[in-house]
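S.K.:
Number of protein chains: 2
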Amino acid sequence: MTEHLTIAVDGMGGDTGPEMVVSGVSIARERNPDARFLIFGDASELQRQLDKFPELHKSCELVHTDVAVAMDDKPSQALRRGRKTSSMWLAIMAVKEGRAQAAISAGNTGALMAMAKVILKTMSDIERPAIAAIWPTVRGESVVLDVGATIGVDSQMLVQFAVMGEAMARTIFGHERPTVGLLNIGVEEVKGLEEVKAAGRLLKEANLPIEYCGFIEGNDIGQGVVDVVVTEGFSGNIALKTAEGTAKQIGEYLRSAMSRSLSARIGYLFARGAFNVLREKMDPRTMNGGVFLGLNGIVVKSHGGTDGVGFASAIDLALDMARNDLVARIARDLGKYHAQPAPETEPQVEDKVEV
Amino acid sequence: MTEHLTIAVDGMGGDTGPEMVVSGVSIARERNPDARFLIFGDASELQRQLDKFPELHKSCELVHTDVAVAMDDKPSQALRRGRKTSSMWLAIMAVKEGRAQAAISAGNTGALMAMAKVILKTMSDIERPAIAAIWPTVRGESVVLDVGATIGVDSQMLVQFAVMGEAMARTIFGHERPTVGLLNIGVEEVKGLEEVKAAGRLLKEANLPIEYCGFIEGNDIGQGVVDVVVTEGFSGNIALKTAEGTAKQIGEYLRSAMSRSLSARIGYLFARGAFNVLREKMDPRTMNGGVFLGLNGIVVKSHGGTDGVGFASAIDLALDMARNDLVARIARDLGKYHAQPAPETEPQVEDKVEV
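Taken in order, these protein sequences are the chains called V and P.
Numbering-wise, the first sequence is residues 1 to 355 according to the numbering used here.
Numbering-wise, the second sequence is residues 1001 to 1355 according to the numbering used here.
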């Protein structure tokens, strides 16, 4: 276990910037007293926030820059304006130069991915990086990837996502052999994308140490049928946002139902403890953090609209992966995969998880 | 308003077959006393079920067949085995021959779509039919299509989905001008599929009487940001099933939270009325029914695992669309679209619904 891991923090990212970021660092430091934070951004503003948490002084170092990437900058704009100078760029650069073991930003996702690719480069054999999210399930948590970095992947890329997601699941869940499924659709007539079917064949035939379980459908994700759900970025992003939207919608139904009559309000008072448990389970902040996989370094994207509690969850995630040296694990696993002879990919009977 | 609408019913579809089907017909008939039902399948089994509901005798006619499509038949198998003889085929044929105004089945989706295409044919100008679902939202309901009939559509097909979905929304919601959005992803770097962007340009530039509102994301669906959500079948199916799975997951959280302590159980008793309202809102049976759009006739697919209450909802939907002559509406609207000169499709600034 490495001592004194350092997280490079984009101090200016997110809808509210330094205030949220520093409050998140403060919460994360309580849980990880040995961690160090290298925070990039407007030093006077950041210092003002840090002054609220005197206990942070020993753990944090500020690096001043005037330049911040805007939430609505296009990636190309961000690269033009923020190259070498922005808080986001500098945070990723700290990982590249070994001064930090992971970078975190609540800023613009596209800009963060573009800069991460330019600075850290994709790992050898990886065609495109993916963003992995942690998805709460009735059994615990699953890793879902890609949730928006790629559109239109081929079967090789899906297999790479499976290898990377599996390594991440081993890292954060501590399972020996996490199970892996490919997200597909069950309508018989079309029975899924060709790329997904081909990836399924590759995963079955490649002699990888991966517990591949076949296809799953959208409703299987929340049931935790597999530990790692592999899909392409368009459908993955839609699945993730649809689940978030559905949780919000049901929360609204519940609030309105619980305030509709005196007896419901009394019931609510009695069951307050239970509602708090539920609220915690449904709290998107506890699952905050998209991990960029496939780069030569760890970069975590926090939701832009989160608060300190949410940002701290994303920091925990970054620390967890830095501690377990996720990048080295992925490199090792990908090496095994690519060292194999190419498997035959004759079409065969579709596989499907029985649930 | 047509009197005595007739619904052709596949009596053998669904996980439990005749018992569920006939109980659904009985519930639907109470709400639609003028409706007639032409039920195809094993006459002795169906008769035994009908005998439980003497009031149904006047409304139902049985047509015997020995052949039923199995839930796991591939569409090609179903067409081979069930052509001209199966209860599913005969129900659709009744629509083709004008003996019924809509067909309904809780059977195998792929087989139903394959048979519907063979018998009813796609409407002129329609490349591929879609399946439309009704999605509960915090504002009421929205139509979402396609939820699984097509994979890999082009921009023209997405525009056709928009036209058909809009006509369906006018029919069932009674809005003058339902709003229409294209499902997309918001990550800046990739910013959505090319086909979706091109469809957005077509919808903006075509001078259609459609209230096109731009792109929406997965979390906007449940908020009811638009009345009609247009997407391709792979992502649409994943969105729909993910939302169903999330609702189920939260229901499980809620049940477990409400039984975890005495005080929670007491609270539950007080708030029982509120929980019943919530349960009703989250009941997937009330939204049962996928509508096949783009065919020369109305076919509704019920969930295979539903019960009589759910099947009755799908019958209501079929009746609603038959009553309003959905097919003629769609033909009229598509005619307007295809009569237009092809719009310019120069790339332009992306549009996005403000929410």
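Where a beta carbon is used, it is the ideal one built from N, C-alpha and C, also for glycine.
Is there at least one non-hydrogen atom of the ligand HEM closer than 8 Å to the beta-carbon of Ala114 (chain V)?
M.R.: The ligand HEM is not part of the structure shown, which contains no ligands of any sort.
S.K.: Whole-angstrom Cβ separation of Gln1160 (chain P) and Leu1334 (chain P), contact assumed at under 8 Å?
M.R.: Counted from its first residue, the second sequence places residue 1160 (chain P) at position 160. Counted from its first residue, the second sequence places residue 1334 (chain P) at position 334. That belief holds up - the Cβ atoms of Gln1160 (chain P) and Leu1334 (chain P) are roughly 7 Å apart, short of 8 Å.
S.K.: Quick one: list the residues of chain P neighbouring Ile266 (chain V), beta-carbon separation under 7 Å, in chain order.
M.R.: Here residue 266 (chain V) refers to the residue found at position 266 when the first sequence is read from its first residue. The contacting residues are Phe1270.
S.K.: Any beta carbon from chain V within less than 9 Å of Met1012 (chain P)'s own beta carbon?
M.R.: Here residue 1012 (chain P) is taken as the residue at index 12 of the second sequence, counted from 1. So, not an interface residue.
S.K.: In angstroms, rounded to a whole number, what distance separates the CA positions of Gly1024 (chain P) and Ala339 (chain V)?
M.R.: Translated into positions along the second sequence, residue 1024 (chain P) becomes position 24. Translated into positions along the first sequence, residue 339 (chain V) becomes position 339. Going by the C-alpha atoms only, they are around 58 Å apart.
S.K.: Please tell me whether Asp1220 (chain P) and Phe1173 (chain P) are closer than 9 Å, where the distance is taken between their beta carbons.
M.R.: Residue mapping note: residue 1220 (chain P) aligns to position 220 of the second sequence, counting from 1. Residue mapping note: residue 1173 (chain P) aligns to position 173 of the second sequence, counting from 1. Cβ distance not < 9 Å, so Asp1220 (chain P) and Phe1173 (chain P) don't count as in contact.
S.K.: Could you tell me whether any Cβ in chain V is nearer than 9 Å to the Cβ of Ser1263 (chain P)?
M.R.: Translated into the one-based positions of the second sequence, residue 1263 (chain P) becomes position 263. Yes, contact with chain V.
S.K.: Looking only at its chain, what residues have a beta carbon closer than 8 Å to the beta carbon of Ser1235 (chain P), apart from the 5 residues adjacent to it on each side?
M.R.: Within the second sequence, residue 1235 (chain P) is the residue found at index 235, counting from 1. Closer than 8 Å at Cβ, skipping near neighbours: Leu1183.
S.K.: Pick helix, strand or coil for Glu1127 (chain P), following the three-state DSSP scheme.
M.R.: Mapped onto the second sequence, residue 1127 (chain P) falls at position 127. Three-state DSSP puts Glu1127 (chain P) in coil, outside helix and strand.
S.K.: Find the residues of chain P that neighbour Ser155 (chain V), judging by a C-beta separation of less than 9 Å, and give them in chain order.
M.R.: Numbered from its first residue, the first sequence carries residue 155 (chain V) at position 155. Per Cβ cutoff of 9 Å: no residues; Ser155 (chain V) is ~15 Å from chain P at best.
S.K.: Using a threshold of 9 Å, state whether the C-beta atoms of Asp1103 (chain P) and Ala1035 (chain P) are closer than that.
M.R.: Locating residue 1103 (chain P) in the second sequence gives position 103, counting from the first residue. Locating residue 1035 (chain P) in the second sequence gives position 35, counting from the first residue. It should be noted that the sequence gives Ala, not Asp, for residue 1103 (chain P). Result no, Cβ atoms of Ala1103 (chain P) and Ala1035 (chain P) do not sit closer than 9 Å.
S.K.: Mind checking who Trp1135 (chain P) pairs with in its DSSP beta bridge?
M.R.: As a working note, residue 1135 (chain P) is residue 135 in the second sequence. Looking at the DSSP assignment, Trp1135 (chain P) forms a beta bridge with P:Ser1142.
S.K.: Kindly list the residues whose CB is nearer than 6 Å to the CB of Met1258 (chain P), restricted to its own chain and excluding five residues on each side of it in sequence; keep chain order.
M.R.: Counted from its first residue, the second sequence places residue 1258 (chain P) at position 258. Counting only Cβ-Cβ distances below 6 Å, and skipping sequence neighbours, we find Ala1264 and Tyr1268.
S.K.: Using 10 angstroms around the beta-carbon of Arg1332 (chain P), count the other beta-carbons present and answer buried if the total reaches 16, otherwise exposed.
M.R.: Walking along the second sequence from the start, residue 1332 (chain P) turns up at place 332. The residue in question, Arg1332 (chain P), is exposed, as its Cβ has fewer than 16 Cβ neighbours within 10 Å.
S.K.: Give the residues from the region 1136-1149 of chain P that approach chain V closer than 9 Å (Cβ to any Cβ), ordered along the chain.
M.R.: Answer set for the region 1136-1149 of chain P: Pro1136, Thr1137, Val1138, Val1147, Gly1148 and Ala1149.
S.K.: Closer than 8 Å between beta carbons: that is the criterion. Which residues of the region 217-247 of chain V meet it against chain P?
M.R.: Those residues of the region 217-247 of chain V that come within reach of chain P (Cβ to Cβ, closer than 8 Å) are Glu217, Gly218, Asn219, Asp220, Ile221, Gly222, Gln223, Thr231, Gly233, Phe234, Ser235, Asn237, Ile238, Ala239, Leu240, Lys241, Thr242, Ala243, Glu244, Gly245, Thr246 and Ala247.
S.K.: If you reduce the DSSP assignment to three classes, tell me which class Asp1320 (chain P) lands in.
M.R.: Locating residue 1320 (chain P) in the second sequence gives position 320, where the first residue counts as 1. Of the three classes helix, strand and coil, the one that applies to Asp1320 (chain P) here is helix, per DSSP.
S.K.: Mind listing the chain P neighbours of Leu193 (chain V)? Cutoff is C-beta to C-beta under 7 Å, in chain order.
M.R.: In the first sequence, counting from the first residue as 1, residue 193 (chain V) sits at position 193. Result: Ile1151 and Phe1234.
S.K.: Write down the C-beta distance between Ala247 (chain V) and Met282 (chain V) rounded to the nearest angstrom, noting that I regard them as a contact closer than 8 Å.
M.R.: The count along the first sequence starts at 1 and reaches residue 247 (chain V) at position 247. The count along the first sequence starts at 1 and reaches residue 282 (chain V) at position 282. About 5 Å; that satisfies the 8 Å criterion.
S.K.: Would you identify the three-state DSSP class for Phe40 (chain V), choosing helix, strand or coil?
M.R.: Numbered from 1 along the first sequence, position 40 holds the residue referred to as residue 40 (chain V). DSSP places Phe40 (chain V) in strand when its eight states are reduced to three.
S.K.: Quick check: is the beta carbon of Gly273 (chain V) nearer than 9 Å to any beta carbon in chain P?
M.R.: Stepping through the first sequence from its first residue, residue 273 (chain V) is reached at position 273. So yes, Gly273 (chain V) belongs to the interface.
S.K.: Measure how close the beta-carbons of Glu1067 (chain P) and Ser1086 (chain P) come, nearest whole angstrom, since I'm counting them as under 8 Å.
M.R.: As a working note, residue 1067 (chain P) is residue 67 in the second sequence. As a working note, residue 1086 (chain P) is residue 86 in the second sequence. One point to set straight first is that residue 1067 (chain P) is Val, not Glu, in the sequence displayed. Rounded, the Cβ-Cβ distance is 4 Å, consistent with contact.
S.K.: How would you label His57 (chain V), buried or exposed, when you count the other beta carbons within 10 angstroms and need 16 or more for buried?
M.R.: Taking the first sequence and counting its residues from 1, one reaches residue 57 (chain V) at position 57. So His57 (chain V) counts as exposed.
S.K.: Assuming contact is defined by CB atoms lying nearer than 9 Å, are Leu319 (chain V) and Ala28 (chain V) in contact in what I supplied?
M.R.: As a first step, residue 319 (chain V) is located in the first sequence; it is residue number 319 there, counting from the start. As a first step, residue 28 (chain V) is located in the first sequence; it is residue number 28 there, counting from the start. Cβ atoms of Leu319 (chain V) and Ala28 (chain V): closer than 9 Å.
S.K.: Can you pull the chain V residues whose beta carbon is under 9 Å from the beta carbon of Arg1260 (chain P), in chain order?
M.R.: Mapped onto the second sequence, residue 1260 (chain P) falls at position 260. Ordered by position in chain V, the residues that pass the 9 Å Cβ test against Arg1260 (chain P) are Gly273, Ala274 and Val277.
S.K.: Can you list the residues of chain C that Ile250 (chain V) reaches, using a CB-CB cut of under 9 Å?
M.R.: Among the protein chains in the structure shown, which are V and P, there is no chain C.
S.K.: Output needed for Gly1148 (chain P): all residues of its chain with C-beta closer than 6 Å, excluding positions within five of it in sequence on either side, in chain order.
M.R.: Along the second sequence, read from residue 1 onward, the residue named residue 1148 (chain P) stands at position 148. Once the five neighbours on either side are set aside, the close Cβ partners of Gly1148 (chain P) are Ile1131, Gly1233 and Asn1237.
S.K.: Lys117 (chain V): buried (16+ other C-beta within 10 angstroms of its C-beta) or exposed?
M.R.: Stepping through the first sequence from its first residue, residue 117 (chain V) is reached at position 117. Buried.
S.K.: Just mark Gly17 (chain V) as buried or exposed, buried being the case when its beta carbon has 16 or more other beta carbons within 10 Å.
M.R.: Indexing the first sequence from 1 puts residue 17 (chain V) at position 17. Looking at its Cβ environment, which holds 16 or more other Cβ atoms inside 10 Å, Gly17 (chain V) is buried.
S.K.: Are at least three pairs of beta-carbons, each pair with one atom in the region 1247-1256 of chain P and one in the region 206-223 of chain V, less than 8 Å apart?
M.R.: Yes: the two stretches touch, three or more of their Cβ pairs being nearer than 8 Å.
S.K.: Using a Cβ cut-off of 9 Å (strictly closer), state whether Ala1257 (chain P) contacts chain V.
M.R.: Counting from one through the second sequence, the residue named residue 1257 (chain P) turns up at place 257. Ala1257 (chain P) counts as touching chain V.
S.K.: Sorted by chain position, which residues of the same chain lie with C-beta nearer than 6 Å to Gly1358 (chain P)'s C-beta, five sequence neighbours on each side aside?
M.R.: Outside the shown range of chain P (1001 to 1355) lies residue 1358 (chain P), about which nothing can therefore be said.
S.K.: Would you decide whether His363 (chain V) is buried or exposed? Buried here means 16 or more other CB atoms lie within 10 Å of its CB.
M.R.: Residue 363 (chain V) lies beyond the range of chain V shown here (1 to 355); nothing can be said about it.
S.K.: Does the separation of the CB atoms of Leu1145 (chain P) and Met1168 (chain P) fall below 9 Å?
M.R.: Taking the first residue of the second sequence as position 1, residue 1145 (chain P) is located at position 145. Taking the first residue of the second sequence as position 1, residue 1168 (chain P) is located at position 168. Yes. Within cutoff.
S.K.: How about Ile298 (chain V) and Met164 (chain V): do their beta carbons lie closer than 9 Å?
M.R.: Sequence index remark: in the first sequence, residue 298 (chain V) carries index 298 (1-based). Sequence index remark: in the first sequence, residue 164 (chain V) carries index 164 (1-based). Cβ atoms of Ile298 (chain V) and Met164 (chain V): not closer than 9 Å.
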